[in-house]
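**Student:** To convert, take the position in the sequence shown, counting from 1, and add 485; that gives the working numbering.
We treat Cβ as the ideally placed atom computed from N, Cα and C, and that holds for glycine.
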Amino acid sequence: MGVRKKKFIWTDIAFELSREGFHVTGIDCDRKWRNLKIRYLAVLEKHETGEKSGHRIDYFDSIHSFLKDDEDTIAYLLRRKQQPFPKQEKSSAYEEEQFSATSAEGGMEWTEKSVQLLLDLLLEFRDAFTNKEGGHADDTVWEAISEQMKLEGHKPGPEQCRRKWSYLVSNFHQQKAEAEAKGSVPLWPYYTRVRNLISQIGIPEPITDIDTYTPVKRRSRGTRVSPRKRMKFIKQEIQDPDYILPTQEEDDDDDIFLASTSNEPTFKSPKTKVKASSYLLPSEIQEVCDRLDRVEENMAVCRRLEHLEARLDDVSQQQQAQSETNLLLTQVLSELSRLSHAITNRYNTQTSTDPTDLNFPEADPYCKSTSSKLKRGKEHYFEEDSVVVNEKCVQLTAMDPSLQEIEDKIDDVECKAEEEFLYEEELSYPDSNAVGEGHNQSKKNQENDDTSSAQTYEKVKPLLKEFGVRSQVLHDKKLLVEEVRLKAEEARLNAFNKMASFFENAEEFLDSYSDMMRALSQGEGLGRRGPRSKGPQTVKED
């Protein structure tokens, strides 16, 4: 079975305590146990070093019976014994004097991390300041806080922690008074935390044991502080608000004590107050810079959000335009496929027919060689060549079977007339001796021939007339057919021109669409909000 997490164990302990009538949480139990353990280790170390201290804590025997064989306790004691500067038995006056000398030499400097840790420990030990936990002295609490800070790598003594807290409280009141006087917001970095701690643990008591010794540069109690010295103290405070010289700490403590006993303001001179408020502490400047950085970060985040919203709008508009473009492309592709199918069918029909055939409607009305066909039509109808006329007659007779019958009748009449003429000529010239008679006979035959020709002409005349009428009708039909064909060819050429322009527009549109899709795939133009591109131009169809 694995080891359960610590927070679940403290939750179970809090549940058992609530069943007994003590309403606490697991976090409260954990914090209380850590405080007891820290104070227990501090008292145990004093006992181990042989110090006869009167500092005790409640339940020491119970905690010692529980933690005396603990590995952490043994390791802590060994580590404390191996430190190069063990704790010595000194009186409180000697410790304070030693602290003043160390501070004057610059051995102990309060960094921001150490101050924050001190405030955290004060918050954890707030019960010791409010309830006194069975009448414990404050020295025990400050020793526990000092030991905890030493575990974290800092080395302030109990008196140093206590004086630092007193200085923080006095500086808080000064910052509060200046802010109320100027009507501004305090910029001291520890203002909020110190205010919360004061509301929970109260204002610390004035330091009353400062007369039991006479440290270096120590003034006697009860003397008044001159405005010049106060101004010097303010300038030193401006130079480094977290590093305190011993004279500054003592003056500050005396000012707090005098203010609490005489109910007089610390700074009586208005001139000094104006000069003090005219300076800006480095910590205040740093706080202002930090706030400006946070404001700039927030503004940058807002600008980034606006930019992202604009990009989302652009992407939605591009998606809508892309959907419309896809729909239009689908229609264009369907139209192109239909036109391609129609052109293929017409090409197959054109190649399967004879382009020189003039019969209607068997001839292809969509033939591309319009000029050559017109030329052939002109030669066919207006040239007086006999060969062309004969071909025309053949074509006319092929189109109308009745004309073929008339032509056959004419041929029969001509053949009969020719046979009769030849027969009469043979009869007219039987031998060479009858030349005179033949000459006379030839005249007679010529007259007979004229008579027979006239008779034959009279017989053939109605047939020729009918043939001419029908030929004229067919000629008119041919002209009408050619006119219709010319109009069809003109319409076809217009259709081809429009279709070619449509194809050119479609190709340009496809090129622009491919460029747009390529740009979208590469992510170009997303960070810029340019003018909205118009939708694809539609091509009007005939």
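Measure how close the beta-carbons of arginine 678 and leucine 606 come, nearest whole angstrom, since I'm counting them as under 8 Å.
**Tutor:** Going by Cβ atoms, the distance from arginine 678 to leucine 606 rounds to 12 Å, so no, they are not a contact pair.
**Student:** Alpha carbons only, please: which of Val528, Glu556, Glu597 is nearest the one belonging to aspartate 546?
**Tutor:** Selected option, being the one with the closest Cα: Val528.
**Student:** Starting from the C-beta of arginine 611, find all residues in its chain whose C-beta is less than 7 Å away, skip the five residues before and the five after it, and write them out in chain order.
**Tutor:** Around arginine 611: Gln685, Ile686.
**Student:** Only counting the same chain, and skipping five residues up and downstream in sequence, which positions put a Cβ closer than 7 Å to that of lysine 492?
**Tutor:** Closer than 7 Å at Cβ, skipping near neighbours: Gly511.
**Student:** Tell me which residues share the same chain as cysteine 900 and place their Cβ nearer than 8 Å to its Cβ, disregarding the 5 neighbours each side in the sequence.
**Tutor:** Closer than 8 Å at the Cβ level, and outside the excluded window around cysteine 900, lies no residue.
**Student:** If I'm right that serine 599 touches histidine 658 with Cβ under 8 Å, what's the distance once you round it to whole angstroms?
**Tutor:** With a Cβ gap of about 22 Å, serine 599 and histidine 658 do not count as contacting.
**Student:** With distances taken from CA atoms, which of Arg519, His549, Asn656, Phe981 is nearest histidine 532?
**Tutor:** Nearest C-alpha to histidine 532: His549.
**Student:** Output the distance between the C-alpha atoms of serine 655 and proline 671, rounded to the nearest integer angstrom.
**Tutor:** Serine 655 and proline 671: Cα-Cα distance of roughly 14 Å.
**Student:** Can the beta-carbon of proline 674 be found less than 9 Å from the beta-carbon of glutamate 772?
**Tutor:** In this structure, glutamate 772 lies closer than 9 Å to proline 674 by Cβ.
**Student:** Less than 8 Å between C-beta atoms, sequence neighbours within five positions excluded: which residues of the same chain meet that for threonine 615?
**Tutor:** Counting only Cβ-Cβ distances below 8 Å, and skipping sequence neighbours, we find Gln685, Ile686, Gly687.
**Student:** Can you tell me the Cα-Cα spacing of serine 503 and aspartate 497, whole angstroms?
**Tutor:** In a straight line, the C-alpha of serine 503 is about 10 Å away from that of aspartate 497.
**Student:** Taking the alpha-carbon positions, what's the glutamate 594 to glutamate 637 distance?
**Tutor:** Their backbone Cα atoms lie some 15 Å apart in a straight line.
**Student:** Could you check if proline 643 is buried or exposed, using at least 16 other CB atoms within 10 Å of its CB as the buried criterion?
**Tutor:** When all chains shown are included, proline 643 counts as buried.
**Student:** Looking only at its own chain, which residues have a Cβ that is under 6 Å from the Cβ of lysine 575, when we skip the five neighbours before and after it?
**Tutor:** At lysine 575 the pLDDT is 41, less than 50, meaning the model places this residue with poor confidence; the figure from the coordinates comes in the next sentence. If we look at lysine 575 and ignore the five residues flanking it on each side, it has no Cβ neighbours.
**Student:** Taking the CB atoms as reference points, tell me whether glutamate 632 and arginine 516 lie closer together than 9 Å.
**Tutor:** The answer is no: Cβ separation not under 9 Å.
**Student:** What is the rounded straight-line gap between the Cα of glutamate 530 and the Cα of phenylalanine 551?
**Tutor:** Answer to the nearest angstrom: the Cα atoms are 16 Å apart.
**Student:** Is the beta carbon of tyrosine 544 closer than 9 Å to that of leucine 562?
**Tutor:** Not in contact: leucine 562 and tyrosine 544 (Cβ atoms no closer than 9 Å).
**Student:** May I ask you to report which of helix, strand or coil DSSP gives aspartate 605?
**Tutor:** Three-state result, aspartate 605: helix.
**Student:** Within the same chain, show all residues whose beta-carbon is closer than 7 Å to that of arginine 647, passing over the 5 residues directly before and after it, in chain order.
**Tutor:** Answer for arginine 647: Trp627, listed in chain order.
**Student:** Do alanine 629 and isoleucine 523 come within 9 Å of each other at the CB atom, strictly closer than that value?
**Tutor:** Result yes, Cβ atoms of isoleucine 523 and alanine 629 sit closer than 9 Å.
**Student:** Tell me the residue span of the alpha helix (DSSP H) that contains leucine 427.
**Tutor:** The structure shown does not extend to residue 427, since the chain spans only 486 to 1027, so no value can be given for it.
**Student:** For threonine 558, which residues in the same chain have their Cβ closer than 8 Å to its Cβ, ignoring the five residues on either side in sequence?
**Tutor:** Leu526, Leu529, Leu552, listed in sequence order.
**Student:** Compare the Cα-Cα distances from leucine 682 to each of Gln601, Asp624, Ser669, Thr625 and report the closest residue.
**Tutor:** Of the listed residues, the one whose Cα sits closest to leucine 682 is Gln601.
**Student:** Please go through the same chain and pick out, in chain order, the residues whose beta-carbon is closer than 8 Å to the beta-carbon of lysine 649, but skip the five residues on each side of it.
**Tutor:** Closer than 8 Å at the Cβ level, and outside the excluded window around lysine 649, lie Trp595, Val600, Leu603, Pro641, Ile729.
**Student:** By DSSP, does tryptophan 595 sit in helix, in strand, or in coil?
**Tutor:** In this structure, tryptophan 595 counts as coil in the three-state DSSP scheme.
**Student:** What's the call for leucine 653, buried or exposed, on a 16-neighbour Cβ count within 10 Å?
**Tutor:** Result: buried.
**Student:** Out of Arg564, Thr810, Lys667, which has the shortest C-alpha to C-alpha gap to lysine 635?
**Tutor:** Looking at the Cα atoms, Arg564 is the closest of the given residues.
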